[in-house]
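Working notes, beginning with the structure itself.
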Amino acid sequence: MGTRRRRYQHHGRWVVPAVAPAAAAFAAAGLLLVVVAFHCFLSPPLGDGGGGGHRVVRHPNPPFLLNKPGELRRNVVGTVNFAVPSGGSKLGEELWVSKAASNFFGCSNATKEFADAKAVTEPNRYLMIATSGGLNQQRTGIIDAVVAARILNATLIIPKLDQKSFWKDASDFADIFDVESFISSLSNDVKIIRQVPDRNGKTPYPYKMRIPRKCTPKCYENRVLPALLKKHVVQLTKFDYRVSNRLETNLQKLRCRVNYHSLQFTDPILKMGEMLVQRMRAKSGRFIALHLRFEPDMLAFSGCYFGGGEIERRELSTIRKRWKTLHASNPDRERRHGKCPLTPEEVGLMLRALGFGKDVHIYVASGEVYGGEETLAPLKALFPNFHSKETLASKEELAPFLSFSSRMAALDYIVCDKTDVFVTNNNGNMARMLAGRRRYFGHKRTIRPNAKKLYSLFLNRTSMSWETFSSKVQTFQKGFMGEPNEIKPGRGEFHEHPMDCICTKTKGRSGHSKPHPSNRNGEAVEKHSSDSEFDWRDLDYGENTPLGRDSSNETDSDMPELEDMVSD
């Protein structure tokens, strides 16, 4: 029969009676564990790991330890002596630049068969576009608006930007993009004007309609052209990804001319972006730009679990309830299928395993990081030279941009474009647009995590040596390092893989590569997509991406829709 613990009151104090020896031994053991834990807590955050150029990464206050057995945990590096070499890889130049990059170049000139805009533009056809989402989602809308106008032989009105987002960015087209350059550089392709001409002293009211996503040229001819012939002025609303991914070559090349040559930022944005790049170069000749994508809204929308225990589940579940139509989340399935972004710690470990040393400077493009500094601590421990636009520039320098999420995103876009190595934590709009741009301008190194393969590796990383872990990461990342021809011809999203605009250099001269085999019709292989078919990776950070029902002559609504308030 066990000893029962009682409390006795003696002279106004609580007295605990003597306990059995076994219980006392148990208590002593518990006290010893507390002392050991306290000693670990006081140990320095970063310390040399037993020589050999290794550094043991410890988090001074490792959070989220109350997870279920065998479950993904965050900041595991902080709880074990996971020895990470302080130096970099012996790969050297190959780590920063692809050997094959010099064999390719961007080529987007129109062919002789592509008639001049003056010859094909019909009078009394005016196409207006209302873009949707954040900066990079709107950028795709602007690019495709030019293509849609060309398909319809219509005059394009300067696109209207999304000003009704959660972030209330009041910027219009001229605040972000160079209007004169946009109009003049595309004058041979599409006629573009600032506004619809008045009729009888009045501005015509446009007929509003929405078309399906991935609409093919035939789709435009069947759905939009009749309205355009009857109403003369048509506005396509929520215009994001409303043109087929697969088009004939001349239309694809038109996309590239718009994206890589005609759509330029305004001088204030360009100057500020270049200043950030120069300040990074002054700190280090080479640097990595990381598109982190670890904002609370995005994580909640993804339906993934990131090792934060019940606190994380409760917080992200609360945010997720904003979207009434989302299906029940299945975090294990999402992560197994590679649909979850890596944690900042996992990104840092991947980069160190690939061979980037701790002395490498990193520029982080990100909105509000879930968990704040506590979440970023392991990444900063792995890469102490950690920068952002907020650390590189003063508040006074950033003041003209701070109140405008799209302009702030434009600054990140410029730095990520100019960096030596761009790392995208899964493919959002900004990542896809930049990946395509970097391929077009010389196949600059672009790394995207092979999240599907890395999932099990990160889950079991504490059961292997650093050398084994690093070797496996390098194996899994083959095909995800931004090398030319990583994607099979005809595969992938065009803005990320602009195959029709990439040419190969022949010996002694430059020439076009053979056309990639793909279905030019598009309808046979690419079904029209409804607004509900949307992935978290399509979202822009710090920006709103509202979607809605298919309709014609609709009126705009301020009611939040599926992707309202979601980050990139």
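Letter 225 of the sequence shown, counting from 1, is numbered 225 in UniProt numbering, and no numbers are missing. Using N, Cα and C, we set each Cβ at its ideal position, and we do this for glycine too. Just so it is clear, the structure is predicted and the values come from calculations on it, not from any experiment.
Limits of the unbroken alpha helix (DSSP H) element including residue i
{"i": "V97", "result": "Careful: V97 lies outside any alpha helix (DSSP H) and carries neither H nor E."}
{"i": "D417", "result": "405 to 418"}
{"i": "S471", "result": "466 to 476"}
{"i": "S329", "result": "Segment: none, S329 is in no alpha helix (DSSP H) and carries neither H nor E."}
{"i": "Y370", "result": "Note, Y370: premise wrong, no alpha helix (DSSP H); not H, not E."}
{"i": "G357", "result": "From DSSP, G357 is part of no alpha helix (DSSP H); its letter is neither H nor E."}
{"i": "G308", "result": "Note, G308: premise wrong, no alpha helix (DSSP H); not H, not E."}
{"i": "C256", "result": "249 to 257"}
{"i": "M481", "result": "Run containing M481: none; DSSP gives neither H nor E here."}
{"i": "A436", "result": "This sequence places Gly at residue 436; Ala is not what is there. Looking at the DSSP string, the run of the alpha helix (DSSP H) that includes G436 is 429 to 440."}
Burial state of residue i, where buried means 16 or more other Cβ atoms lie within 10 Å
{"i": "H291", "result": "buried"}
{"i": "H512", "result": "No answer about H512 holds up, because its pLDDT of 47 lies below 50 and its placement is not dependable."}
{"i": "R314", "result": "exposed"}
{"i": "L229", "result": "exposed"}
{"i": "E221", "result": "exposed"}
{"i": "S567", "result": "Note that S567 has pLDDT 39, beneath the 50 cutoff, so the model's placement of it is unreliable and the number below is only indicative. Buried."}
{"i": "residue 569", "result": "Outside the displayed span of the chain (1 to 568) sits residue 569, for which this structure offers no information."}
{"i": "K271", "result": "exposed"}
{"i": "F306", "result": "buried"}
{"i": "L299", "result": "buried"}
{"i": "F301", "result": "buried"}
{"i": "L42", "result": "In this predicted model, L42 has a pLDDT of only 42, less than 50, meaning its place in the structure is not dependable; the value taken from the coordinates is given anyway. Exposed, because fewer than 16 other Cβ atoms sit within 10 Å of the Cβ of L42."}
{"i": "S108", "result": "buried"}
{"i": "T325", "result": "exposed"}
{"i": "D198", "result": "exposed"}
{"i": "G308", "result": "buried"}
{"i": "N200", "result": "exposed"}
{"i": "P449", "result": "buried"}
{"i": "E312", "result": "buried"}
{"i": "L161", "result": "buried"}
{"i": "I193", "result": "exposed"}
{"i": "Q195", "result": "exposed"}
{"i": "T155", "result": "buried"}
{"i": "G52", "result": "With a pLDDT of only 40 at G52, under 50, the local geometry of the prediction cannot be trusted, and the value read off the model is given with reservation. G52 should be labelled exposed."}
{"i": "residue 573", "result": "Since the first and last residues shown for the chain are 1 and 568, residue 573 lies out of range."}
Reference residue i, options the options, closest by Cα
{"i": "A115", "options": "A83, A100, S184, V190", "result": "V190"}
{"i": "H495", "options": "K505, T468, P400, G428", "result": "G428"}
{"i": "T131", "options": "F105, C107, S185, K208", "result": "K208"}
{"i": "A180", "options": "N153, A409, S262, A100", "result": "Checking the sequence shown, residue 180 turns out to be Glu, not Ala. With distances taken between Cα atoms, E180 lies closest to S262."}
{"i": "D417", "options": "L316, R445, S463", "result": "R445"}
{"i": "E345", "options": "A381, F404, F182", "result": "A381"}
{"i": "S86", "options": "A117, Q474, V360", "result": "V360"}
{"i": "A289", "options": "I269, N450, M430", "result": "M430"}
{"i": "P296", "options": "N450, S317, T506, V347", "result": "S317"}
{"i": "V423", "options": "T237, Q235, C256, I447", "result": "I447"}
{"i": "R432", "options": "M408, R194, P498", "result": "P498"}
{"i": "Y413", "options": "I176, L152, L95, K118", "result": "I176"}
{"i": "P206", "options": "I193, K214, V233, S185", "result": "V233"}
{"i": "T398", "options": "N259, V224, P268", "result": "Sequence inspection shows Leu at residue 398; the Thr mentioned does not correspond to that position. Comparing Cα positions, the closest option is P268."}
{"i": "S403", "options": "K168, I319, G436", "result": "K168"}
{"i": "R352", "options": "L379, E374, R336, E334", "result": "L379"}
{"i": "A101", "options": "R491, R439, I183, L392", "result": "R439"}
{"i": "H337", "options": "S171, F441, S456", "result": "S456"}
{"i": "Q137", "options": "L411, G479, S406", "result": "S406"}
{"i": "G106", "options": "P484, S470, R491, A410", "result": "P484"}
Beta-ladder partner(s) of residue i, from DSSP
{"i": "C503", "result": "F105"}
{"i": "F177", "result": "F265"}
{"i": "residue 596", "result": "One cannot answer for residue 596 here, as it falls past the ends of the chain, which runs 1 to 568."}
{"i": "T155", "result": "Y126"}
{"i": "residue 581", "result": "Absent from the structure is residue 581, since the part of the chain shown begins at 1 and ends at 568."}
{"i": "T131", "result": "F239"}
{"i": "K208", "result": "Q235"}
{"i": "T446", "result": "F422"}
{"i": "K164", "result": "According to DSSP, which records beta bridges pairwise, K164 is partnered with nothing at all."}
{"i": "I192", "result": "L156"}
Unbroken beta strand (DSSP E) run spanning residue i, endpoints
{"i": "Q235", "result": "233 to 239"}
{"i": "T424", "result": "421 to 424"}
{"i": "L290", "result": "287 to 291"}
Near the ligand FMN: residue i beta-carbon under 6 Å from a heavy atom
{"i": "L247", "result": "Here there are no bound small molecules, and the ligand FMN is not part of this structure."}
Cβ of residue i within 7 Å of any chain B Cβ
{"i": "I311", "result": "Here chain B cannot be found, since the structure has a single protein chain."}
How about the segment 271 to 282 and the segment 240 to 249: do they share at least three Cβ pairs that are nearer than 8 Å? no
Would you call the segment 116 to 130 in contact with the segment 400 to 418, where contact means no fewer than 3 C-beta pairs closer than 8 Å? no
Can you find at least 3 beta carbon pairs, one from the segment 355 to 375 and one from the segment 385 to 404, that sit closer than 8 Å? yes
Contact the segment 451 to 462 vs the segment 335 to 345: 3+ CB pairs below 8 Å: yes
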